[in-house]
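In full-length UniProt numbering, the protein residues as written are 1 to 305. Even for Gly, the Cβ is constructed at its ideal location relative to N, Cα and C.
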Ligand SMILES: NC(=O)c1ccc[n+]([C@@H]2O[C@H](COP(=O)([O-])OP(=O)(O)OC[C@H]3O[C@@H](n4cnc5c(N)ncnc54)[C@H](OP(=O)(O)O)[C@@H]3O)[C@@H](O)[C@H]2O)c1
């Protein structure tokens, strides 16, 4: 799995095909998608253009996608995965993740897709599907060659340990919110010990959440004086320093940008090394500040409690 990829959350539908195509031309080889992002068809269009022009072959590109909360039941997993593959116009995902350890009432894609969190009545409806059922269905995707690897997102240590008790195929990747305000050392350490690769999302901390009206209670990481000073010392941008801080800790990153210049510069975050002191200074900013927490949608969904 490439250590730097491109995140597709909040990439506009209108520009998504061009963005993916241009990202491939710029050198990106991993795309992080999800049913929930609502742009898999457009992303697939961009990929197809790059494939048709011979810029890359399918096997050069690593595509991650995710199972949404409304499809956790055994009977829905394969169907929706096939549909997502069809949207992309490909016949396998390199990695397929359970987006959240939360099962919501099924929503027929013909009725609403992406289904999002709320039912038609504006309320969250849970559905009783245990994780072992969903994990087994994920394993069948591997057996059917629809996906090459399976993994988890937004899960904590105790659930990972439980899945490891019954997994035929162990989770290969855990994707979690991780940035200098939420460094998650114990969880990263647990994953290392079990051989689970960790992908950090929202590497720029509050930045991604400002447009959602969130993330205003902590200072910007991109404007932070400590990050700024380290960036100046290396002749890099604050964004590149935030990404390198993660990759140097052995994490993969998937920055998103709707701006081509920023998209290109984010990929160029691996040609320098931070010192131990710089890494420690950045990690020292931790304040367990979590932005993406379903408890903000529904108190019953406090998965990080
Ligand atoms: N598994 C999950 O539950 C989950 C949750 C969240 C995210 N993710 C994945 O992780 C990816 C990345 O996370 P994210 O989108 O939340 O946040 P992110 O990549 O940390 O930040 C994106 C924000 O930073 C801005 N930005 C990007 N590059 C910049 C640069 N070089 N300088 C200044 N600003 C810059 C972007 O604005 P512009 O677009 O205007 O540049 C956008 O506002 C997502 O796209 C998604 O694929 C997964």
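In the displayed model, residue 205 falls within a helix according to three-state DSSP. In the DSSP assignment, residue 151 falls within the unbroken beta strand (DSSP E) covering 150–153. With a threshold of 6 Å, the Cβ atom of residue 220 does not count as near ligand 1, since no heavy atom of the ligand is closer than that.
Relative to ligand 1, even the nearest heavy atom lies 6 Å or more away from the CB of residue 186.
Take the alpha-carbon of residue 25 and the one of residue 268: they are about 14 Å apart. Inclusion of residue 7 in the 6 Å shell around ligand 1 follows from its C-beta lying nearer than that to a non-hydrogen atom of the ligand. Taking 7 Å as the cut-off, the Cβ atoms of residue 204 and residue 221 count as close. Sequence-distant Cβ neighbours of residue 36 in its own chain, meaning closer than 6 Å and more than five residues away, are 68 and 114. C-alpha of residue 253 to C-alpha of residue 219: approximately 21 Å in a straight line. Bounds of the alpha helix (DSSP H) holding residue 15 are 13–26. Within 6 Å of the C-beta of residue 262 there is at least one heavy atom belonging to ligand 1.
Residue state for residue 179 is assigned as strand, using DSSP reduced to three classes. The alpha carbon of residue 198 has as its nearest neighbour, out of 208, 223, 172 and 216, the alpha carbon of 172. Judged by their CB atoms, residue 94 and residue 62 are nearer to each other than the 7 Å cut-off. Between residue 140 and residue 103, the gap from beta carbon to beta carbon reaches 7 Å or more.
For residue 7, the beta-bridge partners assigned by DSSP are 32. As the crow flies, the alpha-carbon of residue 224 is around 19 Å from that of residue 211.
The alpha-carbon separation between residue 193 and residue 134 amounts to approximately 24 Å. When only Cα atoms are considered, residue 293 and residue 161 end up about 21 Å apart. In this structure, 82 is the residue among 232, 305, 250 and 82 with its C-alpha nearest to the C-alpha of residue 145. Here the C-alpha atom of residue 9 lies approximately 31 Å from the C-alpha atom of residue 233.
In the same chain as residue 125, and ignoring 5 residues on each side of it, the C-beta atoms closer than 8 Å to its own belong to 104, 105 and 119, in chain order. In chain order, 114 place their CB closer than 6 Å to the CB of residue 38, counting only its own chain and leaving out the 5 sequence neighbours on each side. 150 is the residue among 150, 84 and 275 whose C-alpha sits nearest the C-alpha of residue 170. Bounds of the beta strand (DSSP E) holding residue 64 are 62–67. Residue 88 places its beta carbon 7 Å or farther from that of residue 45. Here DSSP, grouped into helix, strand and coil, assigns residue 100 to coil. Between the C-alpha atoms of residue 245 and residue 284 there is a straight-line separation of about 12 Å. Residue state for residue 77 is assigned as helix, using DSSP reduced to three classes.
For residue 19, the CB contacts under 6 Å within the same chain, skipping 5 residues up- and downstream, are 11 in chain order. Ranked by Cα distance from residue 60, the first of 216, 29 and 206 is 29. The closest heavy atom of ligand 1 lies less than 6 Å from the beta carbon of residue 254.
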